[in-house]
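J.: Pasting a structure here, questions to come.
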Amino acid sequence: MYVELDLVERPFTERGSRLLVLAPAEEDGLRVARAEYEAPLTVELSRLVVRDAGGRELPVVSADPVAVRFEGGAELLFADPSTLVLTGEGGTASWRLPGGTVRSVELTGCQVVVGPEDGPEVGLEGEWAAGGVRRAAERRWAEWFALLPEVPEELAERARMAWWTLAVNLLPIGGREGLVPSKYGYLGVWNWDALFHAVALRHASPALARDQILLLLDHQLASGQLPDVVHDFGVLAETTDLPRSDLARLSEHVGRANGAGMSATPVPVTKPPLTAWAVWKVHQADPDPEFLAEVYPKLVRAHEWWFTASDPDGDGLPEYLHPYSSGLDDSPVWDYGPRAEPPDLNSYLIHQADCLADIAEATGRPEEAARWRERAAAHQELMLARRWDGKGFRTLSDGAPVRVRTVLDLMPLFTGRLPAGVAAELERTLRSPSFWGRHPVPTVAFDDPAFEPDAMWRGPVWLNVNYLLAEGLERSGFAGTAAELRRRTLAMVRDGGGLYEYWNPLTGACAPRATSGFGWSAALFVDLAVSGSG
Ligand code: GLC
């Protein structure tokens with residue numbers, strides 16, 4: 071059984087497939103839809119119903135990764151990623167095509183519902199009508215679930231759901247098998263999502279983990295910049311690549327506090343510099359010096375890009391030139407304009423320099439390693455000298471400090487290089503009522519005027535933020551707080567119903583507009599659960 075599919079939040083779908091089988095509340099029977107990049111789901115067929123010989127409609131009795139089963143024994147199965155078949159003996163099935171045509175078939179053997187009429191391409195001929203499709207599906211899923219690392223018993227059910235999510239979110243994209251954030255709304259490989267996905271996959275399939283990173287690096291621009299998204303039609307790496315709907319949304323909220331607005335000049339769009347961090351994590355789980363040697367020059371160029379192309383005032387402290395580059399699309403940081411420097415960016419860069427040092431050491435470049443360590447130390451000194459005001463790190467917008475209190479204020483802990491007093495001050499802030507509740511950590515302080523518990527990056531809890539912060543706490547000497555943060559994060563996801571995109575920090579429930587089956591929530595839940603089991 072592995073996971074029960076409700077056919078709403080968790081559709082029946084398959085690794086490598088863009089098809090989703092759903093049971094919409096508002097209509098009779100099942101619907102098959104197709105997921106595409108930046109488009110609403112397109113309907114392939116609707117009102118799929120199975121009837122017995124007397125014409126009585128037979129309900130779905132269960133759905134799991136292997137099959138959707140109807141009363142009486144008929145089953146809907148994937149014969150291959152683009153072929154859905156119906157098996158059963160006796161009775162009829164019917165469905166409606168988008169133009170309104172209704173198809174009816176007598177149920178016998180194995181019949182194609184979506185896909186090439188003459189059957190699947192996977193070499194099941196002869197066998198496939200006789201239960202071969204089902205046996206192949208059972209084998210596939212047994213193999214995938216056998217890879218799930220051990221987790222504590224109380225987390226096992228949610229971990230199975232997460233593991234299924236990671237499988238079905240794998241699709242051929244950008245020349246490799248890439249993990250998409252969600253088949254609901256995010257059909258591409260997003261830059262930092264891919265890195266978080268790699269962190270979980272390293273436990274079970276290091277090759278697949280490396281592929282997520284390589285897919286991103288395959289699409290590096292000549293400037294060294296990494297794209298924000300790799301999708302079916304190319305990459306999103308600049309504002310001119312943004313879908314129209316995103317441009318409209320951005321112009322509504324960016325700069326609303328001071329009328330700054332979006333600039334018409336094209337700017338690069340990327341995601342936070344965590345690539346070397348992910349490479350090192352994958353390497354730690356499955357040492358592979360060849361992989362390190364292959365990616366090192368690309369990582370170096372990606373790192374340098376921030377200093378040459380994303381530091382408009384040239385002060386050695388790069389800035390984000392677009393909200394999406396921070397990964398925190400609608401954070402109140404952007405209420406003051408599209409060019410901003412919250413404290414996370416330079417913290418990630420400092421740590422990335424340390425990771426580059428680790429990689430240089432592991433690939434026999436001791437002198438380069440020493441230079442990266444010096445760079446990390448100097449960068450840290452600079453951030454401290456220019457951005458620490460004695461109580462906290464400043465967020466700048468267009469070069470000037472702005473009044474926002476976000477979780478990014480605490481991210482300098484990620485460097486593990488802060489003076490003890492500064493680190494202690496940040497940890498105190500995290501444990502204060504501004505940021506510490508039953509469900510830490512809100513992305514905007516509970517007592518900041520911009521806090522909204524259900525609005526994406528304006529308050530909700532996100533697993534990647536908690537994950538990075540917990541790691542930073544540990545590196546900065548706060549193992550107890552790190553463990554407590556991880557414990558509460560796991561409990562929130564275990565008890566909160568599903569692998570959502572983000573959660574309301576007051577209730578621990580899914581925020582209403584958050585998508586489900588979200589890749590990095592699944593990935594980081596698994597990784598935290600695995601670490602939790604020691
Ligand atoms: C949203 C998030 C961004 C993420 C993307 C794909 O735009 O704000 O951080 O990378 O979705 O999941």
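First residue of the sequence shown: 71, per our numbering; consecutive thereafter. C-beta atoms are modelled at their ideal positions from N, C-alpha and C, and glycine is treated no differently. The structure presented is a predicted model; accordingly, all values stated were derived computationally and were not measured.
1. Along the chain, where does the alpha helix (DSSP H) that runs through G491 open and close?
2. In this structure, does DSSP put G181 in helix, strand or coil?
3. What span of residues does the alpha helix (DSSP H) with A206 cover, start to end?
4. Starting from the C-beta of M607, find all residues in its chain whose C-beta is less than 8 Å away, skip the five residues before and the five after it, and write them out in chain order.
5. Applying the 10 Å Cβ sphere with the 16-neighbour rule, what's the burial state of P168?
6. Have a look at P510, V474, P393 and flag the residue whose alpha-carbon is nearest the alpha-carbon of A561.
7. For the alpha helix (DSSP H) that contains L320, what are its first and last residues?
8. Using DSSP with H/G/I as helix, E/B as strand and the rest coil, what is G589?
9. Can the beta-carbon of Q295 be found closer than 8 Å to that of P342?
10. Cα-Cα, which of V238, A207, P151 is closest to G185?
11. Would you tell me roughly how many angstroms separate the C-alpha atoms of P94 and G567, rounded to the nearest one?
12. Could you give the distance in angstroms between the alpha-carbon of P408 and the alpha-carbon of L391?
13. Excluding the 5 residues flanking L194 on each side, which residues of the same chain have their C-beta closer than 7 Å to its C-beta?
14. Assuming E114 contacts V130 (C-beta within less than 8 Å), just tell me the rounded distance between them.
15. Given a threshold of 16 other Cβ atoms within 10 Å of its Cβ, counted over all protein chains shown, does G529 qualify as buried or as exposed?
16. My understanding is that A410 touches S467, with C-beta atoms under 8 Å, so please give their C-beta distance in whole angstroms.
17. Mapping DSSP to helix, strand and coil, what is A379?
18. With distance defined between alpha-carbon atoms, name the residue in P402, T345, P489, E495 nearest to I429.
19. Can you tell me whether R228 is buried or exposed, with buried defined as 16 or more other CB within 10 angstroms of its CB?
20. Just tell me which of A334, R473, E84, T340 has its CA closest to the CA of A520.
21. Relative to ligand 1, is the shortest distance from any of its heavy atoms to the C-beta of W233 smaller than 7 Å?
22. Using a Cβ-Cβ cutoff of less than 6 Å, which residues in the same chain neighbour E571 once the five nearest sequence positions on both sides are dropped?
23. Would you list the residues whose beta-carbon is nearer than 6 Å to any heavy atom of ligand 1, in the order they occur in the chain?
24. Is the beta carbon of V477 less than 8 Å from the beta carbon of F516?
25. Quick check on S87: does DSSP put it in helix, strand or coil?
26. Given a cut-off of 8 Å, decide if G248 and D288 are closer than it, judged by their beta-carbon atoms.
27. Taking the DSSP output, what are the residues bridged to P425?
28. Taking 8 Å as the limit between beta carbons, can you name the residues of its chain near D302, skipping five residues before and five after?
29. Counting only the same chain and skipping the five closest in sequence on each side, list residues whose C-beta sits under 6 Å from that of R139.
30. In this structure, does DSSP put E571 in helix, strand or coil?
31. Is the distance from the Cβ of R445 to the Cβ of A423 below 8 Å?
32. With DSSP collapsed to three states, give me the class of L398.
33. Short check: CB of L77 to CB of V91, under 8 Å?
34. I'd like to know whether the C-beta atoms of D405 and A327 end up nearer to each other than 8 Å.
35. Starting from I243, follow its DSSP beta bridges and name the residues at the other end.
36. For K253, I'd like the list of residues in its chain whose CB is within less than 8 Å of its CB, leaving aside the five on either flank, ordered along the chain.
T.: From the atom records:
1. 490-501
2. The displayed chain sequence assigns Gln, not Gly, to residue 181. Of the three classes helix, strand and coil, the one that applies to Q181 here is strand, per DSSP.
3. 202-216
4. Residue 607 is absent from the model: the chain starts at 71 and stops at 604.
5. exposed
6. P510
7. 314-323
8. helix
9. no
10. P151
11. 19 Å
12. 6 Å
13. Model confidence at L194 stands at a pLDDT of 48, short of 50, so the residue's coordinates are unreliable and nothing is read from them.
14. The pair is not a contact, with the Cβ atoms about 18 Å apart (cut-off 8 Å).
15. buried
16. 5 Å
17. helix
18. T345
19. buried
20. R473
21. no
22. A584, T585, F588
23. P251, Y256, W260, W262, D263, G397, D399
24. no
25. coil
26. no
27. Inspection of the sequence shows that residue 425 is occupied by Cys rather than by Pro. Answer is none; C425 lacks a bridge partner.
28. E106, Y107, I243, L257, G258
29. V131, S132, E145
30. coil
31. yes
32. coil
33. yes
34. yes
35. R246
36. P81, T83, R88, L90, A105, V238, N239, G587
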